[in-house]
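See structure below.
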Amino acid sequence: MLCRHADGTVYDPGLGRPVAHGELIQDLRAGRRFSAHDHNTGSDCTHRLLAGVLITALGLATATRRPGQHHSSATGCCSICQDTCRSGP
Numbered sequence: 002m003l004c005r006h007a008d009g010t011v012y013d014p015g016l017g018r019p020v021a022h023g024e025l026i027q028d029l030r031a032g033r034r035f036s037a038h039d040h041n042t043g044s045d046c047t048h049r050l051l052a053g054v055l056i057t058a059l060g061l062a063t064a065t066r067r068p069g070q071h072h073s074s075a076t077g078c079c080s081i082c083q084d085t086c087r088s089g090p
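Counting in the numbering used here, the final residue of the sequence shown is number 90, and the numbers go up one at a time with none missing.
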């Protein structure tokens, strides 16, 4: 069972190390399953983690940025989040 921390990092106690979303994507493609719990509450967060992994796999991570939260690019903000960034604080 994986452990998801408040900052979004995922830790595998069985392996004794953090696990990247890319590794979980490969596991899912290979047909392997996983389960996860929240480090602070102990509650099941498998679906939440799976959603994050799928967002990463689909390349939608930039679309989930909060208003005003920019990332670097040659023109300042990518086309996916320009409208969101303009409506920021």
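C-beta atoms are modelled at their ideal positions from N, C-alpha and C, and glycine is treated no differently.
Among all the DSSP beta bridges, which residues are the ones paired with residue i?
i          : result
residue 19 : 12
residue 45 : 38
Go ahead and pull the three-state DSSP assignment for residue i.
i          : result
residue 70 : With a pLDDT of 46 at residue 70, under the threshold of 50, the modelled position of that residue is not reliable, and the figure given next carries that caveat. Three-state DSSP puts residue 70 in coil, outside helix and strand.
residue 6  : coil
residue 38 : strand
residue 31 : coil
Beta-carbon within less than 7 Å of residue i's beta-carbon, same chain only, minus the 5 sequence neighbours each way: which residues are those?
i          : result
residue 44 : 38
residue 10 : 19
Excluding the 5 residues preceding and the 5 following residue i in the sequence, name in chain order all residues of the same chain whose CB lies nearer than 6 Å to its CB.
i          : result
residue 35 : 3
residue 22 : 54, 57
residue 40 : 4, 6
residue 12 : 4, 19
Self-check item: Meets three-Cβ-pair contact criterion under 8 Å: the segment 12–20 and the segment 48–55
Solution: no
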